[in-house]
Structure formats: structure tokens, C-alpha cells
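J.:
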Amino acid sequence: MGHLIPPSIMPYVLPVLYAVVIVAVLPLLAGYIVLMERKVMADMQARLGPMRVGPHGLLQPIADAVKLLLKEDIIPDKADRLMFWFAPLVSVTMALLAYSALAIGPAFQIADLNIGLLFILAVSSLGIYGIVLGGWASNSHYSLLGALRSAAQLVSYETAAGLGLISVLLLAGSLSMKDIVQAQSDQGVWFGFSVPFGFFIYLVGSIAETNRAPCDLPEAESELVAGYMTEYSGFRWSLYFLAEYANMIIVAGIATTLFLGGWLRPGARYHEHIPGTGIEWLDALPALLTLGVALYSLKLAPQQPVKIQKIVMGLVAVLCLGIAGILAGALFAPAGVMQGIHGAFWFMAKVFAYIYAFLWIRFTFPRYRFDQLMRLGWRFLIPLALVNVIGVGVAIVLRQQFAWGPIVSLIPTTLATLGVAMLLAKDDAPVSEAQTADGE
Amino acid sequence: MRCSWVNVDPAMPSQYIPILIYALLAAAFPAVTLIVFKFIRPDMKPNGAKLEPYECGVPPEGNARGRYSVRFYMVAILFVIFDVETIFLFPWAIKYGQLGVYGLVTMLVFLGILLIGYVWLYRKGALDWV
Numbered sequence: 056m057g058h059l060i061p062p063s064i065m066p067y068v069l070p071v072l073y074a075v076v077i078v079a080v081l082p083l084l085a086g087y088i089v090l091m092e093r094k095v096m097a098d099m100q101a102r103l104g105p106m107r108v109g110p111h112g113l114l115q116p117i118a119d120a121v122k123l124l125l126k127e128d129i130i131p132d133k134a135d136r137l138m139f140w141f142a143p144l145v146s147v148t149m150a151l152l153a154y155s156a157l158a159i160g161p162a163f164q165i166a167d168l169n170i171g172l173l174f175i176l177a178v179s180s181l182g183i184y185g186i187v188l189g190g191w192a193s194n195s196h197y198s199l200l201g202a203l204r205s206a207a208q209l210v211s212y213e214t215a216a217g218l219g220l221i222s223v224l225l226l227a228g229s230l231s232m233k234d235i236v237q238a239q240s241d242q243g244v245w246f247g248f249s250v251p252f253g254f255f256i257y258l259v260g261s262i263a264e265t266n267r268a269p270c271d272l273p274e275a276e277s278e279l280v281a282g283y284m285t286e287y288s289g290f291r292w293s294l295y296f297l298a299e300y301a302n303m304i305i306v307a308g309i310a311t312t313l314f315l316g317g318w319l320r321p322g323a324r325y326h327e328h329i330p331g332t333g334i335e336w337l338d339a340l341p342a343l344l345t346l347g348v349a350l351y352s353l354k355l356a357p358q359q360p361v362k363i364q365k366i367v368m369g370l371v372a373v374l375c376l377g378i379a380g381i382l383a384g385a386l387f388a389p390a391g392v393m394q395g396i397h398g399a400f401w402f403m404a405k406v407f408a409y410i411y412a413f414l415w416i417r418f419t420f421p422r423y424r425f426d427q428l429m430r431l432g433w434r435f436l437i438p439l440a441l442v443n444v445i446g447v448g449v450a451i452v453l454r455q456q457f458a459w460g461p462i463v464s465l466i467p468t469t470l471a472t473l474g475v476a477m478l479l480a481k482d483d484a485p486v487s488e489a490q491t492a493d494g495e
Numbered sequence: 057m058r059c060s061w062v063n064v065d066p067a068m069p070s071q072y073i074p075i076l077i078y079a080l081l082a083a084a085f086p087a088v089t090l091i092v093f094k095f096i097r098p099d100m101k102p103n104g105a106k107l108e109p110y111e112c113g114v115p116p117e118g119n120a121r122g123r124y125s126v127r128f129y130m131v132a133i134l135f136v137i138f139d140v141e142t143i144f145l146f147p148w149a150i151k152y153g154q155l156g157v158y159g160l161v162t163m164l165v166f167l168g169i170l171l172i173g174y175v176w177l178y179r180k181g182a183l184d185w186v
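Heads up: the protein sequence lines correspond to chains Z and G, in order.
Take any residue in the first sequence, note its place counting from 1, add 55, and you have its number in my numbering.
Take any residue in the second sequence, note its place counting from 1, add 56, and you have its number in my numbering.
Rendered as C-alpha cells:
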């Protein structure tokens, strides 16, 4: 068997295999995040949400995908055909490409670049070309305005979010995604706790960068119909949609890696063992959780109204049981395998927690007006981020000079940044009343 | 020595080869799906109104690619300044642990100049809508 693969190609087999898996799985994952969004929205509005296609709407994303693939493909008469064709592809390709440096657990990464974070930021901001080109190519007023707004919003918040990330880089001292997580492991604290303002700035910045409510001005339905994708329909439209959700996972992945400890297990210092075994309680938690989900879906299966729904629910239970089996089996595997599998579990759990926060914010806050949004970015977040970077810099020097602990030295910084934040917010308040939006 | 080129070329770190393959895959996936399903989905049945740009049912008003607010240019200019500044901060942040007080003072001067510019912009009202 060993002769089938030449040794010089050997190191590339796993990354390429992994790349194929990402390209295959990501559209599915995006579809299921849409379902999650609809279900969470329904829950927050005291409704049921999708219930018909599959048990509890579990097959809805697949039905949607089939529908979108088979829909009539319309290109408006006056549109620039080449650009109209090309633009969604740019968006999707760039959104997918950003995954190449993301480390989903210590084992799953296409390439551990030493400039990993910079690569992700650079590639994912190229996706904006897709939006601008698409809006311009459509030759519709709504599309053009949506694209312009999107461009303005993305570049504004990219700066703020980038400055928010720099406060973490000061602490981590590396751009490699693996090294950043390792630094959090070494220092014994997730950077989200060390630099809460960096996290806050990145959270707001990432919502705006992914065009999510309350910052979804580029596609504000009440003003711009659907913004830059007004003229898109069918599969081309779904490509934009895929890019948006892929970008959501990317920003959640960046936030997880930089602020939430990446694939590190929560409670890393808690080492209580299950009596009679060498297994820690918290290591057993992932397997127990998925087992719980499996048992719950098994309980739900007979309650489904239609036979096919019962079968699908049973399959879901089997799937969860399989995952629980893998997670449990990993406990007895060599340490490297165990860390790889459990790391991926914790990473995805944190990513989904972050996405849940996105949804929660979406269904809680009303949409900003465009001038308010730009003011928030330029007059609040950017100065705050600058102050935060300087504060963290001072704290690190103090720590080096006086050998203070990592948390102690950052508390004054955080308090000072909080003071600046309140000052900026106070300074801004009367302006928002005096100014009214006078259109584009 | 088969495929030795993968390891030899010093200008191309071998880490980027999987990324290159992945980039091709990522670009091929939407394009191939788009082309393949062209043979399955129904043909476009064009008629006048369907191919017009959507303007809420009213006949479209003029060419869309007209003028737009100068403020968008303003954002673009400001973005260049602040994003370049962010890029300058990246290498500084990476090496900050070794630079110590010297690194802090250098960057305070750099950010100080930038902050003066920011305050000037603020006073001038360049950030009012922006």
C-alpha cells in the first residue's frame, strides 16, 4: 500500500483530503445554519418555525438547496453579463478560501501558515469585490446602493475589527492560528478575558463585516429590497447566501481562536477524574452530551406524525450515537488522536455559541440607520480600539518591568478603556439627535 | 526522485501547495455546479418585464450607474489611511514582547501622529456622516 503514494507527496495527502471535505461539507453546514437561524428566530418569537419538511424541519435545507438549484436562471437585460456571472463566484471562492488557514482543532488544518490570521483577513476581505461587482453589474438602483453601502460598511468595520485583533496579537506574539491557541494554553487564560474590549470591538465589527442584523444595511429590506442581490435569483442568489454564511463561520472561527481559547477545553485546570478510571469528567462531557441528544431524538422518533419522519428522526439518533461513539472512543485512543477529535468538538461548539450570539443579537436589536452605523464605526469603535491597543501595550510593558500577573496588569487597562468608551458614548449622544439621514 | 519539485523550490514554501489545490477546488465548486445545473434547470423564458431591473413594479427610472454621494469616496480615503495603519501595527504587535519599552514609545509616537490627524478629521466634520 505504501508504494501507491510517493513519499514526497505524502505530506499533502491529508490537507488535500481535508480540503475536499470542507468544500463538500460547508454548503451543507451553511444550509443547516439557516435552519438553526429560522428555528432560533421562531423560538424567540414563540412560534415553531419549519416543521413540515422532515421531522422538526430537519430536511428543509436540502429541500431548499434542490429548489434553488432547479430554479430558472434570470439575467436582467441591461446587466453586464460577464460580471453578473463572475461576481457571486468571487464571493464564494474567497469565503471558502479563508478556511485554509483556520485550525479546527490541533489536527484539522489545511496549512499552518505563519501568517495565518493575516491570510484569513486578507482573503475574506477580497469577498467584498464580489458584492461590489455584483451590485454594479446588475444595473439596478437598489443593487448599486446596496453594493456601495456594503463596501463602505465593510471597509469601515474591517479597520475597527483589525485593531481589536491587534490587542490579542500583542499578547500572543504570533499570527499562526495554532500558536495563538497555544499561547492561551500557556498563559492559562482565554484572551477574551484578558482583553474584553478587544473581544467586544471584534464582536461588533464582525457583525457589521458579515452584513448581519442590526448592521444589515446593504440588504435592508425596507429600504433597498435586497441590496446588492436584488437582481439575483435561483442558484446565483444562493451563492451569495452561501458566501454570507461561510463568512459567518469564518468570523466565528477567528473569534473562537483569538478570544475563546480555540480548541482548548473549558476548565482546563479542572482535573477531577471519574472514579475508578483515568478519564476526566470534562473530557467525558462531549460524549455524554451527544449521547443525550441521541437518546432525546430516539424518544422523539415515535412521536413524529408521518412514517418517513420517524425514520429520519431515527437516523438522526443513529448519527448522534455514532458521534458519541467516536468521542467516547477517542478517550481511549492515543493522546494525539484524542486531542484532535475533542479539539474539533470544542472548537465547533464555541463557533456555534458565537453564531448563536449573532442570531440572538439579530432578533433583539432594531436595524441601524446608515449614518448611525457609520458613526458607531468611525467615532466610537476606531478610537476605542486605538485606546485599547495602547492600553494593552502599556500593560505588557508594566508586566515585564514589575513582573505583575497577566490578569492584574490588564485590569487597569480594561478600566481605562471602559472610561474612554463612556466618554466617547457621551460625546456622541447629542449628535445623533441633531443629525437626520438625508438619503444617500 | 519523483515529484521532487514540491520540496526544492525555495521561493514557494511547501505549505502553500495545499492552499493552491484548495483554491482551485473552492473556485471550481460554484462554477461547476452553475454549469452542470444549466442542463437540468428550465431554460430562461424571457419576456419584457421579467428582464427589467426590479424597482418595486414601477418602470425603471434611467440608468442605475449614475452619480452617488461623495461621502462614499470619503470613507474610501479614510479607510486607506486607517487600514494601512492597522497593517503597520501587525508586525509591531507580533514582536512587541521582545521590544519592551522601546516598542511602546515608538508606537506611541506613531499612534500619536495618527491621533492628531484623527482629531483634526473629527473637528473638520469629516466623520460626521462617515
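Using N, Cα and C, we set each Cβ at its ideal position, and we do this for glycine too.
In the DSSP assignment, find the unbroken alpha helix (DSSP H) run with Ala158(Z) in it and report its ends.
T.: Neither: Ala158(Z) is in no alpha helix (DSSP H) and is coded neither H nor E.
J.: Is the CB of Arg291(Z) under 9 Å away from at least one CB in chain G?
T.: yes
J.: What does Asn194(Z) reach in chain G if we use C-beta pairs closer than 8 Å?
T.: Result: Pro109, Asn119, Ala120, Arg121.
J.: Closer than 7 Å between beta carbons: that is the criterion. Which residues of the region 119 to 132 of chain Z meet it against chain G?
T.: Listed by position, the residues of the region 119 to 132 of chain Z near chain G (Cβ gap below 7 Å) are Leu124, Leu125, Lys126, Glu127, Asp128, Ile129, Pro131, Asp132.
J.: I'd like the span of the alpha helix (DSSP H) that includes Tyr78(G), first residue to last.
T.: From DSSP, the alpha helix (DSSP H) with Tyr78(G) extends over 72 to 92.
J.: For a contact meaning CB atoms closer than 8 Å, what does Ala79(G) contact in chain Z?
T.: Thr148, Leu152, Ser155
J.: Judging by CA-CA distance, which residue of Leu220(Z), Thr419(Z), Leu200(Z) is the nearest neighbour of Gly260(Z)?
T.: Leu220(Z)
J.: From Val244(Z) to Gly316(Z), what does the alpha carbon distance come to, in whole angstroms?
T.: 8 Å
J.: If you draw a straight line from the C-alpha of Asp426(Z) to the C-alpha of Ala162(Z), how long is it?
T.: In a straight line, the C-alpha of Asp426(Z) is about 44 Å away from that of Ala162(Z).
J.: Anything in chain G within Cβ reach of Pro70(Z), meaning under 7 Å, just list it in chain order.
T.: Pro74
J.: When the Cα atoms are used, what is the spatial distance from Ala388(Z) to Ser63(Z)?
T.: The alpha-carbon separation between Ala388(Z) and Ser63(Z) amounts to approximately 28 Å.
J.: Counting only the same chain and skipping the five closest in sequence on each side, list residues whose C-beta sits under 7 Å from that of Glu213(Z).
T.: Ser180, Glu264
J.: Thinking Leu382(Z) and Ile396(Z) are a contact (beta carbons under 8 Å), I'd like their distance in whole angstroms, please.
T.: The pair is a contact, with the Cβ atoms about 7 Å apart (cut-off 8 Å).
J.: May I ask you to list, following chain order, the residues of the region 196 to 216 of chain Z that have a beta carbon less than 8 Å from some beta carbon of chain G?
T.: His196, Tyr197, Ser198, Leu199, Leu200, Leu203, Ala206, Ala207, Val210, Ser211, Glu213, Thr214
J.: Looking at the C-beta of Gly113(G), does it have a partner C-beta in chain Z at a distance below 9 Å?
T.: no
J.: CA-CA distance, Asp65(G) and Gln71(G)?
T.: Residue placement at Asp65(G) is flagged as unreliable, the pLDDT there being 48, under the threshold of 50; the coordinate-derived value follows with that caveat. For Asp65(G) and Gln71(G), the distance between alpha carbons rounds to 12 Å.
J.: Could you tell me whether the region 294 to 305 of chain Z touches the region 136 to 147 of chain Z, using the rule of 3 or more Cβ pairs below 8 Å?
T.: yes
J.: Under a three-way DSSP split, which group does Glu509(Z) fall into?
T.: Nothing about residue 509(Z) can be read from this structure; chain Z reaches only from 56 to 495.
J.: Compare the C-beta of Lys151(G) against all C-beta atoms of chain Z and say whether one is closer than 9 Å.
T.: yes
J.: On the DSSP bridge list, what partners appear for Phe163(Z)?
T.: Per DSSP, Ile159(Z).
J.: Rounded to whole angstroms, what's the CA-CA distance from Glu127(Z) to Pro98(G)? Just pull it up for me.
T.: About 6 Å.
J.: For Lys106(G), go through chain Z and note every residue whose CB falls closer than 7 Å to its CB, in chain order.
T.: Ordered by position in chain Z, the residues that pass the 7 Å Cβ test against Lys106(G) are Ile129.
J.: For a contact defined as C-beta to C-beta under 8 Å, what are the partners of Ile96(G) on chain Z?
T.: Leu124, Leu125
J.: Consult DSSP for His528(Z) and reduce its assignment to one of helix, strand or coil.
T.: The question about residue 528(Z) has no answer, for chain Z in this structure spans 56 to 495.
J.: In the DSSP assignment, find the unbroken alpha helix (DSSP H) run with Tyr152(G) in it and report its ends.
T.: Where Tyr152(G) is concerned, the enclosing alpha helix (DSSP H) stretches over 127 to 180.
J.: Out of Leu84(Z), Pro105(Z), Ala101(Z), Lys122(Z), state which residue places its alpha-carbon closest to the alpha-carbon of Ile96(G).
T.: Lys122(Z)
J.: Answer yes or no: do Ile165(Z) and Tyr73(Z) have a C-beta to C-beta separation smaller than 9 Å?
T.: Yes. Within cutoff.
J.: Nearest chain G C-beta to Gln456(Z) closer than 9 Å, yes or no?
T.: Output row for Gln456(Z): interface = yes.
J.: What does a CB cutoff of less than 6 Å around Ala158(Z) pick up in its chain, not counting 5 residues either side in sequence?
T.: Gln164, Met232, Lys233
J.: Establish whether the CB of Thr311(Z) and some CB of chain G are separated by less than 9 Å.
T.: no
J.: Since Met163(G) and Trp148(G) are thought to touch, with beta carbons under 8 Å apart, how far apart are those beta carbons, to the nearest angstrom?
T.: In this structure Met163(G) touches Trp148(G) by the C-beta definition: roughly 6 Å separates them, less than 8 Å.
J.: Where does His328(Z) fall in DSSP's three states?
T.: strand
J.: Would Val165(G) count as contacting chain Z if we go by Cβ distances under 9 Å?
T.: no
J.: Which residues of chain Z have a Cβ atom closer than 8 Å to the Cβ of Gly173(G), listed in chain order?
T.: Those do not exist, as Gly173(G) stays about 12 Å from chain Z at its closest Cβ, beyond 8 Å.
J.: At a CB-CB cut-off below 7 Å, which residues of chain G make contact with Val452(Z)?
T.: Gly156, Val157, Leu160
J.: Along chain G, in chain order, which residues have C-beta atoms closer than 9 Å to that of Asp167(Z)?
T.: Gln71
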